[in-house]
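Positions 1446 to 1668 (my numbering) are the ones given, in order, by the sequence shown.
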Amino acid sequence: MKAMILAAGFGTRLKPFTETHPKALIPYHGKPMILHQIERLKKAGVDEIIVNAHHFSEQIIDYFSNNRFGIKGSVITEEEILGTGGGVLNAKELLMGGGSFIVINVDVDTDMNLNRMLIHHESVSPLATIAVQKRKSGRYLEFTADMRLKSRQNDESAEKNLFAFNGIHVISDEFLGMGFREGFSDILNLYFDAIKEKEHFISGYDAGDCMFKDLGKTENLLS
């Protein structure tokens, strides 16, 4: 199975480290942030990883050149940052071919079982499955009772089925062939565009009480 690690961001919340390094190489619990994702993906059965890079991209290329991970790896350099959606679309030639693939933000830490998420994706056959959780957040995604993506919300509401997004996707190859315009885009915006057609849906996978940390925040790196 293939997977993509989204690692092109500037890491502006993690200065001063990111003034001289990409956030993917920030040490976290004794090893670079990106290595945690590589190990997590290998454990889930991934045998090929694609990484997008922009900010200090040469350091990520060197890191992959100088280390052996026991897995096939490729780094795609973005001359201009493409966002989460544009980054995935830019890598479509490498990602397609397995039926579905995993996408994960480089700056998340979780003990969620990826294999269970993969089983969920296969069982419901959506365009994509996204890991979500009932937790405090600055923005929320609304789902139907059967966990189909419905809308985006900024405020909590007891009357709506709201979840926070955990930065992990399982995406069907079909998504890459939908003719989205290439260039900068947010992948959630692409999902909402896709579900305007009634035959397509995005499934939410409830991560329950799994541990989740946003490592884009300095305070979470130290805990």
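Each residue gets a CB set at the ideal place from its N, CA and C atoms; glycine is no exception.
Three-state class that DSSP yields for residue i in the structure shown
i	result
asparagine 1535	helix
threonine 1444	This structure gives no information on residue 1444, because the portion of the chain shown stretches from 1446 to 1668.
asparagine 1558	coil
phenylalanine 1455	coil
methionine 1449	strand
phenylalanine 1646	coil
phenylalanine 1629	coil
lysine 1460	coil
lysine 1476	strand
Reference residue i, options the options, closest by Cα
i	options	result
methionine 1670	Ala1652, Asn1558, Asn1599 and Ser1602	Residue 1670 cannot be examined here, being either before or after the span of the chain that is shown, 1446 to 1668.
aspartate 1492	Leu1459, Glu1601, Asn1611 and Ala1448	Ala1448
glycine 1532	His1499, Ile1516 and Thr1555	His1499
serine 1648	Ser1596, Ala1603, Ser1668 and Arg1626	Ser1596
histidine 1481	Glu1642, Glu1664 and Ile1549	Ile1549
serine 1582	Glu1644, Val1496, Ile1494 and Asp1659	Asp1659
leucine 1594	Lys1641, Asp1654 and Ile1564	Lys1641
glutamate 1627	Asn1535, Phe1509, Ile1505 and Phe1620	Asn1535
leucine 1559	Ala1590, Asn1599, Ile1483 and Ala1603	Ile1483
cysteine 1655	Phe1509, Phe1514 and Arg1561	Arg1561
tyrosine 1508	Gly1530, Gly1542 and Ile1471	Ile1471
Check whether residue i and residue j have beta carbons under 9 Å apart
i	j	result
methionine 1478	serine 1545	no
proline 1461	phenylalanine 1501	no
leucine 1572	alanine 1639	yes
alanine 1609	valine 1551	no
asparagine 1611	phenylalanine 1657	yes
glycine 1661	arginine 1485	no
tyrosine 1650	aspartate 1554	no
serine 1519	isoleucine 1495	yes
phenylalanine 1625	leucine 1635	yes
Task: Touching by the beta-carbon criterion (3+ pairs, under 8 Å), the region 1570–1580 and the region 1604–1615 - done: Cβ pair count under 8 Å is three or more, so yes.
Task: Sufficient close CB pairs (3 or more, under 8 Å) joining the region 1517–1535 to the region 1450–1460 - done: Touching, yes, given that three or more Cβ pairs across the two stretches are closer than 8 Å.
Task: Complete beta strand (DSSP E) runs within the region 1482–1549 (minimum length 3 residues, chain order) - done: Those beta strand (DSSP E) runs which fall completely within the region 1482–1549 and span 3+ residues are 1493–1498 and 1517–1522.
Open item on the list: Please give me, in chain order, every unbroken run of the alpha helix (DSSP H) with length at least 4 that falls completely inside the region 1551–1626.
Closed with: For secondary structure counted as the alpha helix (DSSP H) over 4 or more consecutive residues, the region 1551–1626 holds these complete runs in sequence order: 1559–1569 and 1618–1621.
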